[in-house]
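In the working numbering, the protein residues as written are 502 to 639.
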């Protein structure tokens, strides 16, 4: 991994440490950087992601907008306590960092009930980086 990728993964880690993505269960965020060479494609699509993850051919992959994935975590509700408000602000900072440092942002949900969720963008070098988490959707 080159120095820029190492810096990016460290910044993503620093911004996401301790954050939990809430669904029917709460899961941590996992930053990643994949080289284009390892990913095997120049674009993140449901097909290229399935190949890279070695998912079975019939695995469902949804492509919601990145905003739809961020929204439940970034909105500050009036009834939030200080802890929830702080988590929302931290998610807002993470989303802003990803929007400022990655291009061609896409989101994917892989699976049926327990879904792996990826927000993926491209680095200036053409590699892929972002955040992975899990959601439970019944």
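Even glycine gets a Cβ: it sits at the ideal position worked out from N, Cα and C.
{"query": "Separation of residue 528 from residue 612, as counted between CA atoms", "result": "16 Å"}
{"query": "Under 8 Å between C-beta atoms of residue 599 and residue 627", "result": "no"}
{"query": "Cβ-Cβ separation, residue 635 to residue 607 (assumed contact under 8 Å), whole Å", "result": "With a Cβ gap of about 18 Å, residue 607 and residue 635 do not count as contacting."}
{"query": "Candidates 639, 629 and 592, of which the one nearest residue 568 by Cα", "result": "592"}
{"query": "Beta-carbon contacts of residue 581 that lie in its chain and below 8 Å, excluding the five residues immediately before and after", "result": "589"}
{"query": "Distance cut-off 7 Å: residue 606 Cβ against heavy atoms of the ligand COA", "result": "Annotation note on the ligand COA: not contained in the displayed structure, which lists no ligands."}
{"query": "Simplified DSSP state of residue 580, which is helix, strand or coil", "result": "coil"}
{"query": "N- and C-terminal bounds of the alpha helix (DSSP H) containing residue 514", "result": "504-517"}
{"query": "Nearest-angstrom Cβ-Cβ length linking residue 564 and residue 609, presumed shorter than 8 Å", "result": "6 Å"}
{"query": "Cβ-Cβ distance between residue 526 and residue 620 below 8 Å", "result": "no"}
{"query": "Residue(s) in a DSSP beta bridge with residue 479", "result": "The requested residue 479 does not occur in the structure, where the chain is confined to residues 502 to 639."}
{"query": "Helix, strand or coil at residue 614 [DSSP, three-state]", "result": "coil"}
{"query": "As assigned by DSSP and simplified to three states, the class of residue 596", "result": "helix"}
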